[in-house]
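**Q** Right, I'll just put the structure down here and ask away after.
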Amino acid sequence: MTPTIFNSKSKLGAILFAVVVLAQLWLPMFGIHLTGDDWEKIFRSIEIVSITLAAFGIRDAIFKTQSVVNSEVTQLKLEKRK
Numbered sequence: 000m001t002p003t004i005f006n007s008k009s010k011l012g013a014i015l016f017a018v019v020v021l022a023q024l025w026l027p028m029f030g031i032h033l034t035g036d037d038w039e040k041i042f043r044s045i046e047i048v049s050i051t052l053a054a055f056g057i058r059d060a061i062f063k064t065q066s067v068v069n070s071e072v073t074q075l076k077l078e079k080r081k
């Protein structure tokens, strides 16, 4: 598995934000009207959750990258000993 910053946690954060944006566009078509303050609170909450998920996703990607590098270094050391 290739380490990437676009793992499931960072993708989930982006998906959550996209869902809220689409909800803002589609809810008025169904007769649901929220005020600007309501949307601001919703966007702020989703923004915090998205940033947190992205941070955890990047952290996990860094750990995976370190793990891959460490295993490669170990393998090279073993090959060098032979």
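Using numbering that gives the first Met the number 0, read the sequence shown as starting at 0 and increasing by one per residue.
Even for Gly, the Cβ is constructed at its ideal location relative to N, Cα and C.
None of the values given here were measured: they were computed from a predicted structure.
Can you tell me whether K40 is helix, strand or coil according to DSSP?
**A** Residue state, collapsed to three classes: helix.
**Q** If you draw a straight line from the C-alpha of I41 to the C-alpha of F16, how long is it?
**A** The alpha-carbon atoms of I41 and F16 are separated by roughly 10 Å.
**Q** Count Cβ pairs between the region 10-26 and the region 38-52 that sit closer than 8 Å; are there 3 or more?
**A** With a cut-off of 8 Å, the region 38-52 and the region 10-26 count as touching, because enough Cβ pairs lie within range.
**Q** Would the beta-carbon of G12 fall within 8 Å of that of A60?
**A** Cβ distance not < 8 Å, so G12 and A60 don't count as in contact.
**Q** For I50 and Q23, what's the separation of their Cα atoms in angstroms?
**A** Rounded to whole angstroms, I50 to Q23 spans 20 Å at the Cα level.
**Q** Suppose the cutoff is 6 Å on Cβ atoms and the five residues either side in sequence are ignored; what does the same chain contact list for R80 look like?
**A** Once the five neighbours on either side are set aside, R80 has no close Cβ partner at all.
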